[in-house]
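First residue of the sequence shown: 1, per my numbering; consecutive thereafter.
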Amino acid sequence: MKLYERNNHSVGIAFWHIQFCTKYRHKMFSKPEYKNLIEGCIRNVCFNHNIKIVIINVMPEHIHMVVKTSINVNPNEIVKLIKGASANLFFRFHPKARLRYPRGHLWSKGKFLASIGFTDLDFTVSYVLHQEEHHGSPLIASS
């Protein structure tokens with residue numbers, strides 16, 4: 001992997017931590033076959049649009065991912081593309097899911113998006129990788 005991307009008038013690198021949730025926080029990806037299906041859909045979309053996935057973790061009701069993109073692409077457009085195209089593919093391969101989402105919106109409108117520098121990349125990858133542990137621990141310690 002090249003360290004920096006070179007264009008006609010720019011040189012740089014862009015890593016993004018992206019997180020988005022299913023509509024109404026339904027736990028659509030609790031079953032392994034649905035988890036694998038949505039991950040495959042997202043990987044397909046990213047491959048077709050030259051978005052490099054550094055790491056992806058599918059939770060029952062949300063997705064965490066770290067991606068590397070062109071420095072000339074608007075990150076909001078990247079998220080919009082991933083969410084729209086992955087939902088389209090998911091519904092194509094799993095049509096019964098439309099019963100839960102009759103309007104065809106698999107994902108909620110919101111998103112989390114943060115740029116990542118070289119110093120934070122390892123930490124963020126570790127955070128995404130260990131989401132099961134993070135969500136399995138209590139947020140407030142009982143006394």
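Note that the Cβ used here is the ideal one computed from N, Cα and C, for glycine as well.
Check	Outcome
For Val67, which residues in the same chain have their Cβ closer than 8 Å to its Cβ, ignoring the five residues on either side in sequence?	Phe15, Trp16, Ile18, Cys46, Ile51, Lys52, Ile53, Val54, Ile78
Ile71 and Ser126: beta carbons closer than 8 Å?	no
Output the boundary residues of the beta strand (DSSP E) element that contains Ser115.	112-116
Please list, in chain order, all residues of the same chain as Arg98 whose beta carbon is under 8 Å from its beta carbon, the five residues on each side excluded.	Phe91, Gly104
Please name the residue in Ile38, Met65, Tyr34, Leu37 whose C-alpha comes closest to that of Lys111.	Met65
Does Ile13 come out as helix, strand or coil in the three-state DSSP assignment?	coil
For the alpha helix (DSSP H) that Ile82 lies in, which residues bound it at each end?	75-93
What did DSSP end up calling Lys35 once you bin it into helix, strand or coil?	helix
I need the straight-line Cα distance from His26 to Arg100, nearest angstrom please.	9 Å
With DSSP collapsed to three states, give me the class of Arg103.	coil
Helix, strand or coil: how does DSSP classify Phe29 here?	coil
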